[in-house]
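Below: one structure, written as structure tokens.
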Amino acid sequence: MINETEKPEFWEKSFIEKQEMWGFEPSKSAVLTKDFFLQNSVKNMLIPGIGYGRNAQIFRDNGIVVTGIEISQTAIEMARKHYGTEMIIYHGSVTDMPYDTCQYDGIFCYALIHLLDSNERTKLIHDCYNQLAENGYMIFTAISKEAHTYGKGRFVSKDRYEIFDGVNMFFYDRESISEEFGKAGLFDITEVTENFPFFLIKCRKAMTKAI
Ligand SMILES: C[S@@+](CC[C@H](N)C(=O)[O-])C[C@H]1O[C@@H](n2cnc3c(N)ncnc32)[C@H](O)[C@@H]1O
């Protein structure tokens, strides 16, 4: 089910209007994650919020099988046009995970988690962790409170603001990262500057255990 807070029409409208709005180069975080995944022999991975696939291709070019989840049908069609039809992309909200029963060696989730509300973020972390194979890694990028947009827009709840067009964002610091990811194998937090200051959050599933 796609609920009100996720604003699917916002993303659908954005992709219709702005098309390949971030270009075709992968983000810095995707390049760093690709290096990390190759060092750790990741063979198959999931990208929740895959967009039109610009961050997927660098993994595929390096022999990793990528599966995506994306809320915008237009973005999925763009991904198919640019990168072919071989890659499985499930159409729907990450809040409805899981979409399959695969266990992935790696999960990379770029600039999506901060768009969700508290319960949805908890569920996403939980659902991703549960789809990780033993010794698998999941890497999230999330916006930092250092962003100049922090504190701007309508206050929604602690560290969460309506930034534009009804899109809410939760701004992270190290404390909230530890709170939300602490039980999901969190082992590293670094800072990475994309179009905004982001955190790169790394978690490992050391053994098969439910959280
Ligand atoms: C900030 S963009 C990042 C896109 C992509 N990772 C990239 O940078 O190329 C967030 C992406 O997540 C998708 N998205 C937003 N909310 C979603 C949800 N609840 N479920 C699945 N996808 C979602 C958007 O359509 C968009 O493609």
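Each residue of the sequence shown is one higher than the one before, counting from 4 in the numbering used here.
Ideal Cβ placement from N, Cα and C applies to all residues, glycine included.
I'd like the list of long-range same chain contacts for residue i, defined as Cβ closer than 8 Å, with 5 residues on each side in sequence excluded.
i, result
"residue 130", "97, 100 and 101"
"residue 180", "145, 189, 192, 202 and 204"
"residue 195", "31, 32, 35, 144, 201, 202 and 203"
"residue 51", "71, 72, 97, 100, 110, 112, 115, 127 and 131"
"residue 157", "164 and 165"
"residue 29", "37, 57, 58, 60 and 61"
"residue 16", "none"
"residue 197", "30, 31, 32, 114 and 144"
In the DSSP assignment, what are the bridge partners of residue i?
i, result
"residue 131", "Looking at the DSSP assignment, residue 131 forms no beta bridge with any residue, so it has no partner."
"residue 193", "203"
"residue 65", "DSSP output for residue 65 lists no bridge partner at all."
"residue 73", "94"
"residue 159", "Residue 159 pairs with nothing; no bridge assigned."
"residue 144", "113 and 203"
Go through its chain and collect everything with a Cβ distance to residue i's Cβ below 7 Å, but skip five positions before and after it.
i, result
"residue 13", "168, 169 and 170"
"residue 23", "55 and 81"
"residue 103", "none"
"residue 65", "37 and 41"
Give every residue of the same chain whose Cβ lies closer than 6 Å to the Cβ of residue i, excluding the five residues on either side of it in the sequence, and list them in chain order.
i, result
"residue 56", "82 and 86"
"residue 117", "145, 146, 172 and 173"
"residue 46", "108"
"residue 126", "none"
"residue 142", "36, 111 and 205"
"residue 49", "70, 107 and 110"
"residue 27", "57"
"residue 18", "75, 77 and 78"
"residue 176", "148"
List the endpoints of the continuous beta strand (DSSP E) containing residue i.
i, result
"residue 49", "47 to 51"
"residue 177", "Element bounds for residue 177: not the beta strand (DSSP E) but the alpha helix (DSSP H), 177 to 184."
"residue 38", "Here residue 38 belongs to no beta strand (DSSP E); instead the alpha helix (DSSP H) covers 31 to 42."
"residue 108", "107 to 113"
"residue 164", "163 to 167"
"residue 173", "170 to 173"
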